[in-house]
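>
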Amino acid sequence: MSLVLQTPAVPPEVARTHFLEKLSLETDVSDVWSDIQNRVEDFYILDARSEKAYRDGHVPGAMNLPHSLISTDTTAALDPTKLLVVYCWGPNCNGAAKACAKLAALGFRVKEMLGGMEYWEREGNPIE
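FYI, in the working numbering the residues of the sequence shown are 4 to 131.
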């Protein structure tokens, strides 16, 4: 018996809805870098890692907001109409997910940048 076929696939429309919902919560390194190069300014990039990690190198233009410090006070200067693209170390880190949950609870629209700094560097993108 096939392990792949053991659980039936959903109908195409269910799959389409699932993947569109997934894409509404995530972006990737390549898309963020493309938008930076094209000077798209409709979103903020937030680094959810520690201040030291941020100082050691971060995505160009990113602001540092460690997930443990997210509050109404620390987000007061952010434009609530802009999307927040959030990242942390990489796939083995859930700091960006924690940050996104807290930011969404404060009313911000969020997307997690999959791969974080690990994949940013793997793709050879510049670091500030």
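All C-beta atoms in this analysis are idealised placements derived from N, C-alpha and C, irrespective of residue type, glycine included.
Report the option in A107, L49 and N67 whose CA atom is closest to the CA atom of K55.
By one-based count along the sequence shown, residue 55 stands at place 52. Here the closest residue by C-alpha is N67.
> When burial is assigned at 16 or more other CB atoms within 10 Å of the CB, is M4 buried or exposed?
Looking up residue 4 in the sequence shown gives position 1. Looking at its Cβ environment, which holds fewer than 16 other Cβ atoms inside 10 Å, M4 is exposed.
> Hey, K114 and L81 are a contact pair by Cβ (cut 8 Å); roughly how many whole angstroms apart?
Position 111 of the sequence shown, counted from the start, is the residue given in the question as residue 114. Position 78 of the sequence shown, counted from the start, is the residue given in the question as residue 81. 15 Å between Cβ atoms; not a contact.
> For the alpha helix (DSSP H) containing E131, list its first residue and its last residue.
One-based indexing of the sequence shown puts residue 131 at position 128. Where E131 is concerned, there is no enclosing alpha helix (DSSP H), given that its DSSP letter is neither H nor E.
> Bridge partners for M66 per DSSP, in chain order?
In the sequence shown, the residue the question calls residue 66 occupies position 63. DSSP, once it has assigned bridges, lists L49 as partnering M66.
> I'd like to know if the region 31-48 and the region 84-99 are in contact, where contact means that at least 3 CB-CB pairs between them fall below 8 Å.
Segments in contact, yes.
> Taking only beta-carbon positions, decide if L23 is within less than 8 Å of chain D.
The question asks about chain D, but that chain is absent: this structure has only one protein chain.
> Going straight from the alpha carbon of V35 to that of C103, what length do you get?
Counting from one through the sequence shown, the residue named residue 35 turns up at place 32. Counting from one through the sequence shown, the residue named residue 103 turns up at place 100. Distance between the alpha carbons of V35 and C103 is about 17 Å.
> Quick one: what's got a C-beta closer than 8 Å to T30's C-beta in the same chain, skipping five residues either side?
The residue you call residue 30 lines up with position 27 of the sequence shown. Counting only Cβ-Cβ distances below 8 Å, and skipping sequence neighbours, we find V88, K114, E115, M116 and L117.
> With a cut-off of 8 Å on the beta carbons, I'd call G119 and Y90 a contact; round off their distance for me.
In the sequence shown, residue 119 corresponds to position 116, counting from 1. In the sequence shown, residue 90 corresponds to position 87, counting from 1. The Cβ separation is near 4 Å, so the contact holds.
> With burial defined as no fewer than 16 other Cβ atoms inside 10 Å of the residue's Cβ, what is the status of V17: buried or exposed?
As a working note, residue 17 is residue 14 in the sequence shown. By the neighbour-count rule (16 or more Cβ atoms within 10 Å), V17 is not buried but exposed.
> Select from N41, S27, R112 and D50 the residue whose C-alpha is nearest the C-alpha of A99.
Along the sequence shown, one-based indexing puts residue 99 at 96. For the residues N41, S27, R112 and D50, the minimum Cα distance to A99 belongs to D50.
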